[in-house]
Amino acid sequence: MTSLEFQSPSDSLTPLMRQYNAIKAQNPDTVLLYRMGDFYEMFNEDAKIASKVLGLTLTARNHGGAEDVPLAGFPYHAIDRYANRLVKAGYKIAICEQTEDPKNAKGVVKRDIVEIITAGTATEDNFIEEKSNNFIVGVVSASDALGIAICDLSTGLFEAEQIPKDMLGEELVRIDPAEILLAGEEDNPLSADVKNVLPQALVSRYDAWKFEHDIADKYLCAHFGVATLSGFGFSAPGAPAAAVCAAGGLLAYLKEQKKNDLRHIVALSPRALSSFADLDPSTIRNLELLRPMHADDEDGTLLWVLDKTSTAMGARLLRTWITHPLRDIGAISERLDCVAWLKADVFVKGEAELFLRQIADIERLIGRVAYERANARDAAALAKSLAVFPRIVKLLSAAPSLSLVEAGTSLEGFDPLVESVLTTIVESPPLSIREGGLIKTGVSAELDEVRSATVNGKKWIASLQESERSRTGISSLRVGYNRVFGYYIEVSKANLGSVPENYIRKQTLVNGERFITPELKDMEAKILGADEKCAALEYDLFVALRSTIAAQCAAIQKAARAIALLDVYLSLAKAATEYGYCRPVLAESADLAIREGRHPVVERMLAAGDQFVPNDTDCRALDSQILLITGPNMAGKSTYLRQNALIALMAQMGSFVPAASAQIGVVDKFYTRVGASDRLARGQSTFLVEMIEVANILNNATDKSLVLLDEVGRGTSTFDGISIAWAVAEYLHEAQGRRPRTFFATHYHELTELALLFPRIKNLHIKVKEWNDKIIFLRKIDQGSCDHSYGIQVARLAGVPKAVIIRAKEILANLENMEFSPDHKPILARHREAKKSAREAERFDVGVQLNMIDSMKGEIIQQLLDLDLNQLTPLDALNLLAELKKRAGEIPE
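Residues 47 to 939 in my numbering are what the sequence shown lists, from first letter to last.
As structure tokens, this is what we get:
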């Protein structure tokens, strides 16, 4: 038996393919981008994925195996574009580079993974949004809690917290991560919970043992160079142990993925859930804080209204503030003081905005520096931004708030670094840091000497053309250069007879010949050698400068946070000035008193010339805990509900609010049950989703919560719906410890009787004006209830056919009069059999007409019966008489 009979299948593969398979085996869950010369190649299943996602041509080639191997690739310079598309499509990609010069390689060029990029670990600008953090979240389950660690690799932000297990969904939606890291394999019970909440997020898994507390603690201490995590608040008695587990496991994962020591992560900050008001996922969605409910809309969010930031850092912090309203009145008041100062001082506000516009995204720039990816343009942009700091420090010296004064202090001490960078790097440096042209003259004597030799050599070559023309008498002779052949002397065919003997032929062209001389060859070697040495020296100088900048990473990150803080305050001050917002008064009471409140988003989206109608709110724990709101469709009930929640939320994030005045009792939890939606993929109907949200409110709301209930019970039969809605209102009124301030909008007019039975339920309604069977929406809230929903009028506004409107009026009249047929069936069911013939159809039309007449007469009679003659002025009486006469004239004969 020959040795060939024992040969394994892999032995027949080419050396290159064996190398590829070995690297791929170490990263089986990635799309491997394998560098081959000027291309990144993908093989087998990766090639098929690339062909589908990137639209690349799928080819095949034999690499020594029994079958051809699928192949796809793209040029190396297109890596950003194609890698971005793969990551956005939900794939992990592994970048495999050549780690040795092919000229020095013996056999297959050495290659290795230099980075793994996922949705949550991407740091480059083309992968991530400028104004949003790109979070990856590590989640680990402890005996009675969850540990959560949060990291944005692009900025170095690193936080950890411990939360109750039932708060996972709420916290993940609020953080909005791009990737979630779980311990262990597919059987982790948290997998289903995570996918239910954020089905679009990438879920990755990592070795469970690396999340164990002792290992995680040691790993974190080693990274930060400390003996204990006590300085970060994670080792004291009662400290959140689960948070340490999550943070240690996440940091280990990130270092492994990025092949980097992540030295720009300089601290682990504790994150206290109790500092913020609760916002459950449906509330963040229903209030449209960050995203509009309809995907087609681009605007229409609270963020869209308030974002007047000048820097990307400020924009990211503003997003965080919106989804993390505070509970502490002292902290809220300090924020409001800062906004008030900037709002009042027009000069400071204008100067601050001018300075902020000159500052780049230094938070991400210092991350690029720490990653050793920053180029000379990045360093120059960072230095120019730091150069603005002294003017901002001077501006903040008069700030009334300690937070702004401390922010100013964080901006001091960067003058030497700015001087070093700006005196080293040229004014307009190139993108590449390896080809020279980025270091100023005078920085390095050695560099200047080499440059001088290069310049002199190039001058010699420049003079060579004139001297050779004179010596040879060939006036068209030309000295040129290209990267392939170097320097040459070019002579046309007509002048080849005049070429001197010392010319050495180098290249033949269609119209002439190219030559070199021994002297030119020697000078070429000197010049090219000097150019290469120049480039090497400049690269070394820049790397040293970059290391100097990186040494101040922590200080620059702190300064970036100070700039972001000032930017958010300035943005809120600008919004307050431009939109006429007032400063809210925060209190510990469970009251909500707003005068002339407005919806911050709706008022900004009105057509030119339209005015938003403001409304008052008086929701007090002692006598008006539940406001029951009735009124027509489209009248503005939902707007009124949402505007009160948004005003309270804006106040607690530290913003002025759209109102003439506002007293806000601090809200601990915001809840909304608004709109209809289903989750059919999870077997949840619209009504079930509604009841799940209602159950969450009833089980978790407190006396300090704020609850919005819009049309509870509409997803089932009328009697069922009324019963549930009534019982929910009763429970919110009566349950000890669960009596939240509640806005309850409904079309079930039967619920208005609750105000007669329960002292803290008050009826409100949206006023409308009826005229000629039409309604005019006045958008005004008033005391009392409304007994009509005007749904038919709204249907007519929507363009429903006239025949349907007429028939709907007849049915409504019959239902309201409780009319039944002799066999005890509703009259609305009659005429169904009459449609079988044209004659019956005609009878049907006549019946509709007669019933319409009866309905119109009945409405006039009812209007007369409802009159309060004691309240009727002579002028009102004349106007009413004219209206009734006109309506009577419209009744068909």
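Even for Gly, the Cβ is constructed at its ideal location relative to N, Cα and C.
Treat the numbers as computed from the prediction; the structure is a model and nothing was measured.
DSSP state of residue i mapped onto helix, strand, coil
i, result
"Arg-787", "strand"
"Val-439", "helix"
"Val-155", "coil"
"Ala-444", "coil"
"Gln-303", "helix"
"Pro-546", "coil"
"Thr-792", "coil"
"Leu-333", "coil"
"Lys-579", "helix"
"Ala-293", "helix"
"Leu-930", "helix"
"Ser-511", "Checking the sequence shown, residue 511 turns out to be Gln, not Ser. Of the three classes helix, strand and coil, the one that applies to Gln-511 here is helix, per DSSP."
"Ala-741", "helix"
"Phe-460", "coil"
Boundaries (first-last residue) of the beta strand (DSSP E) holding residue i
i, result
"Met-213", "Here Met-213 belongs to no beta strand (DSSP E), and DSSP marks it neither H nor E."
"Ile-368", "No beta strand (DSSP E) holds Ile-368; the alpha helix (DSSP H) holding it covers 358-369."
"Ser-707", "707-711"
"Glu-559", "558-562"
"Met-696", "Met-696 -> not in any beta strand (DSSP E); alpha helix (DSSP H) instead, spanning 683-699."
"Gly-184", "182-187"
"Ala-639", "638-643"
"Ala-106", "105-107"
Residues that residue i bridges to, as DSSP identifies them
i, result
"Gly-532", "Asn-528"
"Ser-831", "According to DSSP, which records beta bridges pairwise, Ser-831 is partnered with nothing at all."
"Thr-676", "His-811"
"Met-82", "Phe-85"
"Ala-206", "Ala-195 and Pro-316"
"Arg-251", "Leu-228"
"Tyr-717", "Val-753"
"Ala-940", "Any property of residue 940 remains undetermined from this structure, which presents the chain solely from 47 to 939."
"Ala-140", "Leu-78 and Ile-162"
"Cys-267", "Paired residue(s): none; Cys-267 is not in a bridge."
"Asn-502", "For Asn-502, which the question treats as bridged, DSSP gives no partner whatsoever."
"Thr-663", "Ile-640"
"Ile-628", "Per the sequence shown, the amino acid found at residue 628 is Cys instead of Ile. Paired residue(s): Val-703."
"Ile-485", "Ile-471"
Residue i burial status per 10 Å Cβ neighbour count (16 or more: buried)
i, result
"Lys-815", "exposed"
"Arg-403", "exposed"
"His-269", "buried"
"Tyr-66", "buried"
"Gly-543", "exposed"
"Glu-217", "buried"
"His-811", "buried"
"His-645", "buried"
"Gln-839", "buried"
"Thr-105", "exposed"
"Leu-428", "buried"
"Glu-757", "buried"
Boundaries of the alpha helix (DSSP H) in which residue i is found, first to last residue
i, result
"Ile-479", "From DSSP, Ile-479 is part of no alpha helix (DSSP H); its letter is neither H nor E."
"Arg-607", "599-625"
"Pro-148", "From DSSP, Pro-148 is part of no alpha helix (DSSP H); its letter is neither H nor E."
"Glu-97", "As written in the sequence, residue 97 is Ser, which differs from the Glu given in the question. Start and end: 90-100."
"Asp-126", "125-134"
"Thr-764", "764-780"
"Ser-240", "A small correction: the amino acid at residue 240 is Val; Ser does not occupy that position in the sequence shown. Its alpha helix (DSSP H) spans residues 236-243."
"Tyr-66", "61-72"
"Arg-414", "408-416"
Residue i Cβ short of 8 Å to the ligand MG heavy atom set
i, result
"Gly-482", "With respect to the ligand MG, the structure shown offers nothing to examine, as it has no ligands at all."
Legend entry - the segment 671-678 touching the segment 364-374, judged by at least three CB pairs closer than 8 Å: Contact fails: fewer than three Cβ-Cβ distances are below 8 Å.
Inset, instruction - Report yes or no: do three or more beta-carbon pairs, one from the segment 338-348 and one from the segment 218-238, lie closer than 8 Å? - result: In short, these stretches do not touch, since the Cβ pair count stays below three.
Legend entry - Sufficient close CB pairs (3 or more, under 8 Å) joining the segment 781-799 to the segment 672-690: Judged by Cβ distances under 8 Å, the segment 781-799 makes contact with the segment 672-690, as three or more pairs qualify.
Inset, instruction - Evaluate the contact criterion for the segment 64-84 versus the segment 127-141: three or more CB pairs, one atom per stretch, below 8 Å. - result: Flag = yes, the segment 64-84 and the segment 127-141 touch.
Legend entry - Stretch pair the segment 191-200 + the segment 148-160: three plus CB contacts closer than 8 Å: With contact defined as three or more Cβ pairs closer than 8 Å, the segment 191-200 and the segment 148-160 are not in contact.
Legend entry - Cβ contact (3+ pairs, closer than 8 Å) linking the segment 614-633 and the segment 597-604: Here the segment 614-633 does not lie against the segment 597-604, with fewer than 3 beta-carbon pairs under 8 Å apart.
Inset, instruction - Please confirm if the segment 378-396 is in contact with the segment 613-622, defined as three or more CB-CB distances below 8 Å between the two stretches. - result: In this structure the segment 378-396 touches the segment 613-622; the number of beta carbon pairs closer than 8 Å is three or more.
Legend entry - At least three beta-carbon pairs within less than 8 Å, the segment 505-522 to the segment 459-476: Contact fails: fewer than three Cβ-Cβ distances are below 8 Å.
Inset, instruction - Taking 8 Å as the threshold, find out whether the segment 747-760 comes into contact with the segment 347-363 through three or more Cβ pairs. - result: Result no; under three Cβ-Cβ pairs closer than 8 Å.
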